[in-house]
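Enquirer: I have a structure here, written as structure tokens, and I will follow up with some questions on it.
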Amino acid sequence: MMRRLLLFILVLSASVVYSQQKWSALETEGDTLLNNQQFLQAIGKYNKVVSLQKKAKYSGTSLVRYKRAVCLYYLQEFNLALADLDAFIPANPSFYQARLLRAFIYRELGDPEKQLIDINEVLTSDPWNVDLLKWRAGVMLETGEYAKAQADLLKVQEIRTDEEVELYLGLTWYYLDNPDEALNQFNKAIELNGGYAPAYQYAGILCIEQDAYELALTYVDLALRLEPGNTQLTFYKGIALVETGKNDEGCRLLNKAFYAGIDDAAGYLMKFCYQVED
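Our numbering puts the first residue of the sequence shown at 16, with every later residue one more than the last.
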């Protein structure tokens, strides 16, 4: 009986070793295909590896599901990629690249709350990572957590600022009802990069909301130099012009914006440009 059991163990061990050698070769082939961006072919190799590991009831460390998820991400098969990552991450909780990949997928799927879960987890191991803090701040702006976003951005500012950080800080002040500080931050973004169109655009919008139409025109005109085909900017310029009595040019621009698909222009056209008989 003992001899038969020993023989069974030896045969099983040899079988597992052979299977491991086989799937290691397949995984290497898959890695080469992945590096060459031949994602579909790489998935074919990784599928075989997963199948062999299941047959052998392998419970050791394996990155194959993560690598298959990478391929699926690039093929925009986001739900299939999530299935692999959801299986991989609990077994490999400290492999933070997988959590980052899942956060990227949730961004593609428009799910900011789930993005935050994975970003927060990665930040526990690297709390001063500037790129991750900026990313989290941007997501928290989406979810309306403006004070938390501002706290992250102020941390980033201590380490390294840029025009995007200053713009995001401006947006936090804007949503926290401090327009003066918001405009100050937008101006800082412009000082850092005079070719950064979003800073001019947000400054122009803010000035329109504060009825500072002449100043709004200054910002919007500068933005239009950078993005002359931007129909939103055309719309904002039209508003600023009609609000300052320059109806001919303002109505022309509002009409252009309306026919480009900006429905909000209709209200301004009715108010400033068309005479409606009672």
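For each residue, glycine too, the CB sits at the ideal point set by N, CA and C.
Does the segment 107-122 come within contact of the segment 86-98, defined as at least 3 CB pairs closer than 8 angstroms?
Expert: Verdict: yes, contact present.
Enquirer: Are there three or more Cβ pairs, one per stretch, closer than 8 angstroms when the segment 55-62 is compared with the segment 77-93?
Expert: The segment 55-62, when compared against the segment 77-93, does touch it at the 8 angstroms Cβ threshold.
Enquirer: When DSSP labels each residue in this structure, what does Pro105 get in the three-state scheme?
Expert: Helix at Pro105.
Enquirer: Report the option in Asn202, Gln112 and Gly244 whose CA atom is closest to the CA atom of Ala231.
Expert: Ranking Asn202, Gln112 and Gly244 by Cα distance to Ala231 puts Asn202 first.
Enquirer: If you reduce the DSSP assignment to three classes, tell me which class Ile134 lands in.
Expert: Ile134 falls in the helix class under three-state DSSP.
Enquirer: Taking 8 angstroms as the cut-off, decide whether the C-beta atoms of Gly185 and Gln200 are in contact.
Expert: In contact: Gly185 and Gln200 (Cβ atoms closer than 8 angstroms).
Enquirer: Select from Ala281, Leu284, Asp195 and Thr249 the residue whose C-alpha is nearest the C-alpha of Gln216.
Expert: Closest option to Gln216, Cα to Cα, is Thr249.
Enquirer: In its own chain, which residues sit with a C-beta less than 6 angstroms from the C-beta of Val64, not counting the 5 before and 5 after it?
Expert: Trp38, Leu41, Glu42 and Val79, listed in sequence order.
Enquirer: Indicate whether Leu11 and Tyr161 have their beta-carbon atoms separated by less than 8 angstroms.
Expert: Outside the shown range of the chain, which is 16 to 293, sits residue 11, and nothing can be said about it.
Enquirer: Note the first and the last residue of the continuous alpha helix (DSSP H) segment covering Cys222.
Expert: Run containing Cys222: Ala212 to Glu224, per the alpha helix (DSSP H) assignment.
Enquirer: Between Arg122 and Leu138, is the Cβ-Cβ spacing less than 8 angstroms?
Expert: No. Outside cutoff.
Enquirer: Does the contact criterion of 3 or more C-beta pairs under 8 angstroms hold for the segment 240-255 versus the segment 207-216?
Expert: Touching, yes.
Enquirer: Which term fits Glu179, buried or exposed, when burial requires 16 or more other beta carbons within 10 angstroms of its beta carbon?
Expert: That one is buried.
Enquirer: So the candidates are Leu49, Gln52 and Pro108; which of them puts its Cα closest to the Cα of Thr76?
Expert: Cα-wise, what sits closest to Thr76 is Pro108.
Enquirer: If we ignore side chains and look at the alpha-carbon of each, how far apart do Leu148 and Cys86 end up?
Expert: Computed Cα separation, rounded: 26 angstroms.
Enquirer: How would you label Lys72, buried or exposed, when you count the other beta carbons within 10 angstroms and need 16 or more for buried?
Expert: Counting Cβ neighbours within 10 Å, Lys72 comes out exposed, since fewer than 16 surround it.
Enquirer: Go ahead and label Glu206 buried or exposed: buried means 16 or more other beta carbons lie within 10 angstroms of its beta carbon, across all protein chains shown.
Expert: The residue is exposed, with fewer than 16 neighbouring Cβ atoms inside 10 Å.
Enquirer: Please go through the same chain and pick out, in chain order, the residues whose beta-carbon is closer than 7 angstroms to the beta-carbon of Leu124, but skip the five residues on each side of it.
Expert: Same-chain partners within the cutoff: Phe93.
Enquirer: Between Tyr81 and the ligand GDP, is there a pair consisting of the residue's CB and a ligand heavy atom that are separated by less than 7 angstroms?
Expert: Summarising the ligand content, the structure contains no ligands, and the ligand GDP is consequently not present.
Enquirer: Going by C-alpha to C-alpha distance, which of Pro194, Ala113 and Ser74 sits closest to Ala227?
Expert: Here the closest residue by C-alpha is Pro194.
Enquirer: Going by Cα to Cα distance, which pick from Trp143, Phe110 and Leu156 is closest to Leu131?
Expert: Considering only alpha carbons, the answer is Leu156.
Enquirer: Could you tell me how far apart the beta carbons of Ala197 and Leu221 are, in whole angstroms, since I believe they sit closer than 8 angstroms?
Expert: Confirmed, about 6 angstroms.
Enquirer: Determine the direct distance from the alpha carbon of Tyr111 to that of Arg175, and round the result to whole angstroms.
Expert: Approximately 23 angstroms, taken between the alpha carbons.
Enquirer: Can you give the Cα-Cα distance for Leu49 and Lys69, rounded to whole angstroms?
Expert: Between Leu49 and Lys69, the C-alpha separation is close to 22 angstroms.
Enquirer: Anyone know if the C-beta pair for Asn270 and Leu256 falls short of 8 angstroms?
Expert: Not closer than 8 angstroms, so no.
Enquirer: So, for Phe273: in the same chain, excluding its five sequence neighbours on each side, which residues have a beta-carbon less than 7 angstroms away from its beta-carbon?
Expert: Result list for Phe273: Ala280, Ala281 and Leu284, in chain order.
Enquirer: Does DSSP put Ala204 in a helix, in a strand, or in coil?
Expert: Reduced to three states, the DSSP call for Ala204 is helix.
Enquirer: Please report how far the alpha carbon of Gln172 lies from the alpha carbon of Asn62, in whole angstroms.
Expert: Cα to Cα, Gln172 sits roughly 45 angstroms from Asn62.
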